[in-house]
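Beneath this line is the structure, given in structure tokens, with notes to follow.
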Amino acid sequence: MSSMEKAPEYRRKAQSGFTLIEILIGMSIMLLVAGMSVSFFGLIQWNTASVAGEIFNRQDAQNCINQLGRYVYPATRLENSEDGTNMVLVWRDDNAPPTNLDITDDTTGVIYFDSAQKALFYMPDREFQGNYEIVAQGIENCQMSVAGNVLRAQITFAAGPKRSPKTKTLNVSLAARNIPR
Numbered sequence: 013m014s015s016m017e018k019a020p021e022y023r024r025k026a027q028s029g030f031t032l033i034e035i036l037i038g039m040s041i042m043l044l045v046a047g048m049s050v051s052f053f054g055l056i057q058w059n060t061a062s063v064a065g066e067i068f069n070r071q072d073a074q075n076c077i078n079q080l081g082r083y084v085y086p087a088t089r090l091e092n093s094e095d096g097t098n099m100v101l102v103w104r105d106d107n108a109p110p111t112n113l114d115i116t117d118d119t120t121g122v123i124y125f126d127s128a129q130k131a132l133f134y135m136p137d138r139e140f141q142g143n144y145e146i147v148a149q150g151i152e153n154c155q156m157s158v159a160g161n162v163l164r165a166q167i168t169f170a171a172g173p174k175r176s177p178k179t180k181t182l183n184v185s186l187a188a189r190n191i192p193r
């Protein structure tokens, strides 16, 4: 065999790696999955904040009911205010021993809503104007009325930070239980 007859055999080595198209498709799929996971975590975060706001509103409502009950249940008498404002007069017997049959010596307190401060207040003795307790804050509106020995209130809690994005309305009826017989 002559040297001309022996042509070198060129063997192609196996190529390793990816083509440009394969890399682009892989990156597109990876970006799509990353985008979906970021959207999913954003949705979870929004949902968690919404549920936390609902819980905060419910806690406010429960605290408000508890506080109002603390003032209304031991009352000897309830009455709408004389001047037509959104205020309820609450009488209580501070005497020791209690004189349940006589309400002339009872102390008159006031439950009132201040729309400027968006809060519901209780003043244990209306003779001392500076002495008051906050019943609930973050209240958009409050309507109170007395029928017999029952206080009825419709309280609307405002939406806001740390709260539900919607306003929530609470309807509550509380009866005075220390009524003289």
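Each position in the sequence shown, counted from 1, maps to that position plus 12 in the working numbering.
No residue lacks a Cβ here, since even glycine has one placed at the ideal position from N, Cα and C.
Whole-angstrom Cβ separation of Val102 and Asn92, contact assumed at under 8 Å?
Between Val102 and Asn92 the beta-carbon gap is near 11 Å, outside 8 Å, which marks them as no contact.
Hey, does Gln79 have any beta-carbon neighbour from chain D nearer than 8 Å?
As a matter of chain content, chain D is missing from the structure shown, which is built from one protein chain.
Mind checking whether Asn143 and Tyr124 have CB atoms under 8 Å apart?
One thing to note: Asn143 has its Cβ no nearer than 8 Å to the Cβ of Tyr124.
Straight-line CA distance for Val63 to Gly121?
Rounded to the nearest angstrom, the two C-alpha atoms are 37 Å apart.
Does DSSP classify Gln149 as helix, strand or coil?
Three-state DSSP puts Gln149 in a strand.
Per-residue DSSP class, three states only, for Ser28:
When DSSP states are grouped into helix, strand and coil, Ser28 belongs to the coil group.
Quick check: Leu80 and Val162, are their CB atoms within less than 8 Å of each other?
Contact annotation: Leu80 and Val162 have beta-carbon atoms that are not nearer than 8 Å.
At least 3 beta-carbon pairs within less than 8 Å: the region 83–91 vs the region 154–171:
In short, these stretches touch, since the Cβ pair count reaches three.
Considering only the alpha carbon of each residue, which of Met48, Gln149 and Ala165 lies closest to Gln71?
Selected option, being the one with the closest Cα: Gln149.
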